[in-house]
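A short worksheet on the structure shown next.
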Amino acid sequence: MKKSFLLIIGFILLSISACEYKYIEPVVIELPEDEVISFVEQVEPIFQDKCVGCHASTNPVLTTGNAYDNLINGNYIDTVAPTSSALYEKVNEGHPGGSNVFNATELAILLKWIQEGAQNN
Ligand code: HEC
Numbered sequence: 342m343k344k345s346f347l348l349i350i351g352f353i354l355l356s357i358s359a360c361e362y363k364y365i366e367p368v369v370i371e372l373p374e375d376e377v378i379s380f381v382e383q384v385e386p387i388f389q390d391k392c393v394g395c396h397a398s399t400n401p402v403l404t405t406g407n408a409y410d411n412l413i414n415g416n417y418i419d420t421v422a423p424t425s426s427a428l429y430e431k432v433n434e435g436h437p438g439g440s441n442v443f444n445a446t447e448l449a450i451l452l453k454w455i456q457e458g459a460q461n462n
């Protein structure tokens, strides 16, 4: 009797905890539509912060003043299919170390810059 009572309690507790599902709010970064991303002011500083530790000599060289030419000439940017850009893919996932990826805001900035035609601005 006591055993089955515990079993029922256990079952109830289990069903309660099963009902409580976790919903993780997707991160949606809204950048102002009318604001054009500046490569020099918004993109290059991220490279400086997160990338040049390795990409001062490894291709693509991303040091300030050189990053733009190297990215364009090295075909790392695809303005027709921005999310397929080699650069975008590398900083979104799949990169040595793993911790070198961009956060959601940085990704949104980079993507918007590519969508705006990857200007040298
Ligand atoms: C810990 C060192 C390190 C850091 C930091 C680093 N990278 Fe890299 N990266 C590498 C190495 C090594 C390779 C070559 C191996 C590969 O392609 O995975 C590489 C390759 C790449 C490539 C592809 C090159 C090619 O020609 O295929 C891109 C693009 C790139 N990195 C971008 C970045 C960006 C942008 C950052 C900053 C967010 C960054 N990396 C930070 C080490 C690093």
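First residue of the sequence shown: 342, per this note's numbering; consecutive thereafter. The C-beta atom is built at its ideal place from N, Cα and C for all residues, glycine as well. All figures in this text were calculated on a predicted structure; none of them were measured in a lab.
DSSP, reduced to helix, strand and coil, places E447 within a helical segment of the structure shown. Here P437 is exposed. Its C-beta has fewer than 16 other C-beta atoms within 10 Å.
Between the alpha carbons of S379 and W454 lies a gap of roughly 7 Å. Ranked by Cα distance from I370, the options L452, T446, N461 are led by T446. For E430, the enclosing alpha helix (DSSP H) stretches over residues 427-433.
With a cutoff of 7 Å on beta-carbon distance, T420 and G458 are scored as near each other. In the structure shown, the three-state DSSP call for I378 is coil. Boundaries for P423: no alpha helix (DSSP H) harbours it, and the DSSP string shows neither H nor E there.
The beta carbon of E385 is closer than 7 Å to those of T405, A408 in its chain, skipping five residues each way along the sequence. In this chain, the alpha helix (DSSP H) harbouring I413 covers 408-414.
Cβ contact annotation for I413 (same chain, cutoff 6 Å, sequence separation greater than five): none.
The C-alpha of G415 is placed about 30 Å away from the C-alpha of P373.
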